[in-house]
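Trainee: Numbering (the UniProt record's numbering), first residue to last: 1 to 342. Idealized CB from N, CA, C, for every residue including glycine.
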Amino acid sequence: MSMAGVYRLPAMLTGTRMVLPGPRLDAGSLFDLLASEQVTLSAGVPSLWHGLIDKLDSAPELRERLSPSLRLVVAGSACPESMMVALDRHRIRATHAWGMTELSPVGAFSTLKPHLTQAGGADTGHSLRYRLKQGLPLPFVDVRIMTGQGAARWDGESVGELHVRGPWVAAGYYDTVSPDSWSGDGWLRTGDAAHIDTEGYIQITDRLKDLIKSGGEWICSVALENALLSHPAVQEAAVVAMPDPKWQERPFAFVKLRADRSATADELIGRLATHFTSWWLPDAVEFIDEIPKASTGKIQKTALRALAARLERVRHFRPDLVSWLDGKTQTLPDGCVGRRME
């Protein structure tokens with residue numbers, strides 16, 4: 001019902017034609033549907049648009065078959081900078097939205113304030129920086145950042161858990177007791193680590209459960225993923241925590257390469273080293289053919305954490321198996337298939 005409230009009911013009330021893609025979400029099927037129906041607005045998780053970008057990169061003239069006013073709303077996970085820039089290159093405007101089912105489901109939308117919009121619609125690095133954030137809270141939605149010391153300042157730096165409240169924000173779960181999901185004063189605890197800048201824009205830095213605690217310090221998996229995605233050979237990337245006896249947790253990266261490109265683990269680690277301090281760098285990079293996803297298109301990090309732990313156990317206790325596994329095809333969780341390539 002939450003998605004019906006965002007798309008279907010408003011579309012019906014305004015007489016907008018709705019186009020439903022059905023089960024075929026591959027790049028070719030999506031492109032054909034967008035072109036044949038002249039879709040002007042579509043929404044989806046970032047992983048949905050990789051194939052469309054690849055298709056347009058290989059044949060830029062195909063853009064003329066799409067509606068000139070095509071816009072995308074990207075939600076579910078953060079849109080990487082490389083993806084937003086690529087879509088801009090093909091004259092497809094991408095806008096961030098953020099929400100949860102408990103918010104019915106939208107809580108923020110990244111509309112640029114007038115003084116942040118460059119004349120003529122061209123983006124500078126300054127305005128792009130705001131477009132990459134999750135956006136401004138919707139009217140009547142209150143937000144705050146909570147730390148162990150209380151509410152944090154809106155300075156664009158102070159990170160804590162994002163709390164929300166509003167007239168359509170859930171106050172509880174039906175037939176389920178979940179006291180940890182709401183604060184004592186009635187705010188929904190989102191489970192997102194975030195900060196808010198002086199303009200009021202929300203920036204989600206990670207899910208609290210996806211942050212990696214190494215040696216008492218926090219490592220942001222999303223920042224590492226976005227840096228990996230900036231490499232031209234990388235199509236998808238996911239970084240998860242791997243248990244470590246000394247440091248508690250260490251980053252473990254899973255990477256899916258583009259079909260016509262190649263890269264080595266050392267090459268990718270070297271690229272990360274230009275952006276991050278050494279203790280942020282992943283201890284391992286695993287190249288896999290498919291990154292497991294839920295039906296919504298979101299990456300299943302629970303499955304990847306289990307796989308990372310399993311691979312590390314093999315490497316630690318049976319080093320003879322590591323060399324045997326090199327180049328071999330393995331069956332991974334949730335039907336994911338991969339190869340060790342180090």
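Considering Cα atoms alone, identify which of F287, I92, T296 is closest to L72.
Mentor: Counting from 1 along the sequence shown, the entry for residue 72 is found at position 72. With distances taken between Cα atoms, L72 lies closest to I92.
Trainee: Taking the runs of the beta strand (DSSP E) that are 3 residues or longer, which of them lie wholly in the stretch 116-178?
Mentor: Counting whole runs of 3 or more residues, the stretch 116-178 contains the beta strand (DSSP E) stretches 142-147, 160-165.
Trainee: On the three-state DSSP scale, how would you describe I212?
Mentor: By one-based count along the sequence shown, residue 212 stands at place 212. Three-state DSSP puts I212 in a strand.
Trainee: Check the C-beta distance from D142 over to G166 and give it rounded, since I have them as a contact under 8 Å.
Mentor: As a first step, residue 142 is located in the sequence shown; it is residue number 142 there, counting from the start. As a first step, residue 166 is located in the sequence shown; it is residue number 166 there, counting from the start. About 6 Å separates the two Cβ atoms, so the contact holds.
Trainee: Quick check: is the beta carbon of A170 nearer than 8 Å to any beta carbon in chain B?
Mentor: You won't find chain B in this structure, because it holds only one protein chain.
Trainee: Determine the extent of the alpha helix (DSSP H) in which S58 is found, giving its start and end residues.
Mentor: The residue labelled residue 58 in the question sits at position 58 within the sequence shown. S58 -> alpha helix (DSSP H) spans 50-58.
Trainee: Taking the beta carbon of A151 as the centre, do at least 16 other beta carbons fall within 10 Å, making it buried, or is it exposed?
Mentor: Your numbering for residue 151 matches position 151 in the sequence shown. Classification of A151: exposed, given that the 10 Å Cβ count is below 16.
Trainee: Buried or exposed for Q248, please, with buried defined as at least 16 other CB atoms from any protein chain shown within 10 angstroms of its CB.
Mentor: In the sequence shown, residue 248 corresponds to position 248, counting from 1. Exposed, by the Cβ-count rule.
Trainee: Which residue spans inside the stretch 22-107 form an unbroken alpha helix (DSSP H) run of at least 4?
Mentor: Here the runs fully enclosed are 27-36, 50-58, 81-89.
Trainee: When DSSP labels each residue in this structure, what does P319 get in the three-state scheme?
Mentor: In the sequence shown, residue 319 corresponds to position 319, counting from 1. Residue placement at P319 is flagged as unreliable, the pLDDT there being 42, under the threshold of 50; the coordinate-derived value follows with that caveat. In the structure shown, P319 sits in a helix (DSSP, three-state: H, G or I).
Trainee: Cα-Cα, which of C79, P105, G135 is closest to L116?
Mentor: Within the sequence shown, residue 116 is the residue found at index 116, counting from 1. It is G135.
Trainee: Taking 8 Å as the cut-off, decide whether the C-beta atoms of A238 and L311 are in contact.
Mentor: Sequence index remark: in the sequence shown, residue 238 carries index 238 (1-based). Sequence index remark: in the sequence shown, residue 311 carries index 311 (1-based). The answer is no: Cβ separation not under 8 Å.
Trainee: What's the gap between the Cα of G297 and the Cα of G184?
Mentor: Taking the sequence shown and counting its residues from 1, one reaches residue 297 at position 297. Taking the sequence shown and counting its residues from 1, one reaches residue 184 at position 184. Cα to Cα, the separation comes out at about 34 Å.
Trainee: Give me the Cα-Cα distance between S214 and H90, rounded to the nearest whole angstrom.
Mentor: Translated into positions along the sequence shown, residue 214 becomes position 214. Translated into positions along the sequence shown, residue 90 becomes position 90. Each residue's alpha carbon lies about 40 Å from the other.
Trainee: Where does W279 sit, in a helix, a strand or coil, going by DSSP?
Mentor: Numbered from 1 along the sequence shown, position 279 holds the residue referred to as residue 279. DSSP places W279 in helix when its eight states are reduced to three.
Trainee: Using 10 angstroms around the beta-carbon of Y201, count the other beta-carbons present and answer buried if the total reaches 16, otherwise exposed.
Mentor: Within the sequence shown, residue 201 is the residue found at index 201, counting from 1. Buried, by the Cβ-count rule.
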